[in-house]
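S.K.:
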Amino acid sequence: MCTIRGRDIGFIFQEPMTALNPLKTIGEQVSEVIRIHKKINKFDALNSAATILDRVGLPQTDFPSTRYPFELSGGQRQRVVIAMAIAIKPKLIIADEPSTALDVTTQAKLIKLLKKLVIEDNICLIMITHDLSVIAEMADKIIIMRNGEIVERGKINILKNGLKNDYSKNLLKASNYKSKNLNKKISNQTLLKVDNISRHYSDNSFRFFGEKKVFKAVKNVSFSINYNENVGLVGESGCGKSTITRAILGLDPIINGKIILEGDEIKASNVSKNIRKKLQVVFQDPYGSFNPRHNVLKLISEPLYLEQSQISDYEKLNLVKELLEHVGLNAEDHKKFIHEFSGGQRQRIAIARSLILRPKLIILDEAVSALDVSIRAQILDLLVELSESYGLSYLFISHDLSLVKSITSRVLVMKSGQIVESGNTKDIFNSPSHAYTKSLIASSPNLESSLRRLT
């Protein structure tokens, strides 16, 4: 099998950082694949690796083979993994969710690259993904699986009008998700005000001469969120979305400006308990957000302990049970541990934990991007219902424009640390004014337009 793997079958993993060796340069890692399957010296293998890296869009002039994985962006690391997969020109490449964690422009470039390589090298590509818009964009045939069985197969045009299985139809419907209630009444009173904030990072590497370089992650950003409002914040990786999130949560200091939540200023040096109660966050990776040694009861009730709440154990148990039922789980699930749940169920538990202090604003940082489309639709429906029940406002941080379009009333577009465009979600998507916004929307996989192109 070892002789077949790499030579006849190449593999592209979802998370390139874990697929690559952090202690070896990118040139060494690509050349290693070549030397395993060919009798070639190290020097020639490194030269071949440089040529292959150039093919996948990493030319030596800009990305020398001596770089390490941590010196590259997520999209660039994924290109290195692709270079390793095509190094021996295999007959088959299996790509397992290769673009799930990438922003839309990087994803579009990656899809274009894969299509180009398949044609040039006459390779068969198996694309494993939960994103039907990606499949519709690049596949000739489709296989739909459920519970370990194939429930539907055929040419890609069956997505347009030929699906027969109920699960397949529901999958397609979930991929075209639209919120149940986008027309909810939004208050005209401000809940959160971000006023002209900036955040800079300095280069801490040692220098004999000259000043340290300063990276301006966020530059004079201002926006507000009203009560009962869903706002989306979109942009490419590295644009400053996460920095703003950390600043709002009081995890990172800002060098100027103010962040005000219900009249209280958020300062990283001293975030009051009052602010902590009003502001919660749900992260992308639910498993990484929890202590695996604690049961669900302790995980969900942990904020009460941190806030030194005087609630009794009996009241705490009843509150956790109630929250579990509110998020679509069983009350008795409080006895279980996090490894006993699926990804979607873990995210429901994360949402339950964010609700226990009855916050006013929840920040959802790529909270559904790792979930398959049917589970994602269920979680989004749940968030809409909870927004109505608890009177919540949401800030959706996402690179998935289809998600932002389907569930937010207003959107902010970020580029290079600045908000370049903002406004009503429908207006932004229908008639964007900024060139960057136009390029983002054009790069985003669109299932409806892809289906229209199918014959």
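Residue numbers (the working numbering): 1447 to 1901.
Cβ atoms here follow ideal geometry from the backbone N, Cα and C, with glycine treated the same way.
Just so we're clear, the structure is a prediction, and the values are computed from it rather than from any experiment.
Buried or exposed: where does Phe1516 fall if 16 or more other Cβ atoms within 10 Å of its Cβ makes it buried?
M.R.: The residue you call residue 1516 lines up with position 70 of the sequence shown. By the 10 Å Cβ count, Phe1516 comes out exposed.
S.K.: My output table needs one value for His1576: the three-state DSSP class, helix, strand or coil.
M.R.: The count along the sequence shown starts at 1 and reaches residue 1576 at position 130. Three-state DSSP puts His1576 in coil, outside helix and strand.
S.K.: Going straight from the alpha carbon of Arg1481 to that of Gln1522, what length do you get?
M.R.: Looking up residue 1481 in the sequence shown gives position 35. Looking up residue 1522 in the sequence shown gives position 76. In a straight line, the C-alpha of Arg1481 is about 23 angstroms away from that of Gln1522.
S.K.: Using DSSP's beta-bridge definition, name the partner residues of Asn1870.
M.R.: Along the sequence shown, read from residue 1 onward, the residue named residue 1870 stands at position 424. Paired residues: Arg1856.
S.K.: Alpha carbon to alpha carbon, how far is Lys1806 from Phe1787? Give it in angstroms, no decimals.
M.R.: For the purposes of this step, residue 1787 is identified with residue 341 of the sequence shown, where counting begins at 1. For the purposes of this step, residue 1806 is identified with residue 360 of the sequence shown, where counting begins at 1. Answer to the nearest angstrom: the Cα atoms are 28 angstroms apart.
S.K.: Please name the residue or residues paired with Leu1807 in a DSSP beta bridge.
M.R.: Taking the sequence shown and counting its residues from 1, one reaches residue 1807 at position 361. For Leu1807, which the question treats as bridged, DSSP gives the partners Leu1725, Ser1839.
S.K.: Does the count of Cβ pairs from the region 1675 to 1684 and the region 1842 to 1856 closer than 8 angstroms reach three?
M.R.: Yes, the region 1675 to 1684 is in contact with the region 1842 to 1856.
S.K.: Could you say which of Thr1871, Ala1777, Arg1898 lies nearest to Ile1887 if we only look at CA atoms?
M.R.: On the sequence shown, residue 1887 is found 441 positions in, with the first residue counted as 1. Residue Thr1871 is the option with its Cα nearest to Ile1887.
S.K.: So what's Val1773 in DSSP terms, helix, strand or just coil?
M.R.: As a working note, residue 1773 is residue 327 in the sequence shown. Of the three classes helix, strand and coil, the one that applies to Val1773 here is coil, per DSSP.
S.K.: With DSSP as the reference, identify every bridge partner of Ser1648, one or two as the case may be.
M.R.: Position 202 of the sequence shown, counted from the first residue, corresponds to residue 1648. Ser1648 is bridged to Val1660.
S.K.: Can you grab the Cα-Cα spacing for the pair Phe1736 / Leu1725, in whole Å?
M.R.: The residue you call residue 1736 lines up with position 290 of the sequence shown. The residue you call residue 1725 lines up with position 279 of the sequence shown. Near 18 angstroms, if we compare the C-alpha coordinates of Leu1725 and Phe1736.
S.K.: What residues are listed by DSSP as bridge partners for Gly1600?
M.R.: Looking up residue 1600 in the sequence shown gives position 154. Looking at the DSSP assignment, Gly1600 forms a beta bridge with Ile1588.
S.K.: With a threshold of 6 angstroms on Cβ separation, who are the neighbours of Asp1666 within its own chain once the five nearest residues in sequence on each side are excluded?
M.R.: Sequence index remark: in the sequence shown, residue 1666 carries index 220 (1-based). Reading off the sequence, residue 1666 comes out as Asn, not Asp. Same-chain partners within the cutoff: Asn1642, Ser1644.
S.K.: Tell me which residues share the same chain as Tyr1733 and place their Cβ nearer than 7 angstroms to its Cβ, disregarding the 5 neighbours each side in the sequence.
M.R.: In the sequence shown, residue 1733 corresponds to position 287, counting from 1. Here the set comprises Ile1784, Arg1792.
S.K.: Near Glu1753, what residues of its chain come up, given a Cβ to Cβ distance below 8 angstroms and the 5 sequence neighbours on each side ignored?
M.R.: Counting from 1 along the sequence shown, the entry for residue 1753 is found at position 307. Around Glu1753: Lys1719, Arg1722, Lys1723, Leu1803.
S.K.: Locate the alpha helix (DSSP H) running through Phe1787, then write down its first and last residues.
M.R.: Here residue 1787 is taken as the residue at index 341 of the sequence shown, counted from 1. Counting along the chain, Phe1787 falls outside any alpha helix (DSSP H), and DSSP gives it neither H nor E.
S.K.: Does DSSP put Val1476 in a helix, a strand or coil?
M.R.: On the sequence shown, residue 1476 is found 30 positions in, with the first residue counted as 1. It is helical.
S.K.: DSSP state of Ser1800, grouped into three classes?
M.R.: Counting from one through the sequence shown, the residue named residue 1800 turns up at place 354. Note: Ser1800 maps to helix in three-state DSSP.
S.K.: In or out: Asp1549 buried (at least 16 other Cβ within 10 Å) or exposed?
M.R.: Position 103 of the sequence shown, counted from the start, is the residue given in the question as residue 1549. Counting Cβ neighbours within 10 Å, Asp1549 comes out buried, since at least 16 surround it.
S.K.: Which partner residues does Thr1636 have in the DSSP bridge list?
M.R.: Reading the sequence shown from its first residue, position 190 is the one you call residue 1636. In the DSSP output, where bridge partners are listed per residue, Thr1636 has Asn1672.
S.K.: From Asn1776 to Ile1757, what does the alpha carbon distance come to, in whole angstroms?
M.R.: As a first step, residue 1776 must be located in the sequence shown, where it is residue number 330. As a first step, residue 1757 must be located in the sequence shown, where it is residue number 311. Cα-Cα distance, rounded: 22 angstroms.
S.K.: Span of the beta strand (DSSP E) holding Gly1456?
M.R.: Counting from one through the sequence shown, the residue named residue 1456 turns up at place 10. Residues 1455 to 1458.
S.K.: Just curious, the beta strand (DSSP E) that Asn1467 is in, first and last residue?
M.R.: Translated into positions along the sequence shown, residue 1467 becomes position 21. That residue, Asn1467, is in no beta strand (DSSP E); it is neither H nor E in DSSP.
S.K.: In angstroms with no decimal places, state the Cα-to-Cα distance between Ser1896 and Lys1561.
M.R.: Within the sequence shown, numbered from 1, the residue matching residue 1896 stands at position 450. Within the sequence shown, numbered from 1, the residue matching residue 1561 stands at position 115. Those two C-alpha atoms are separated by around 15 angstroms.
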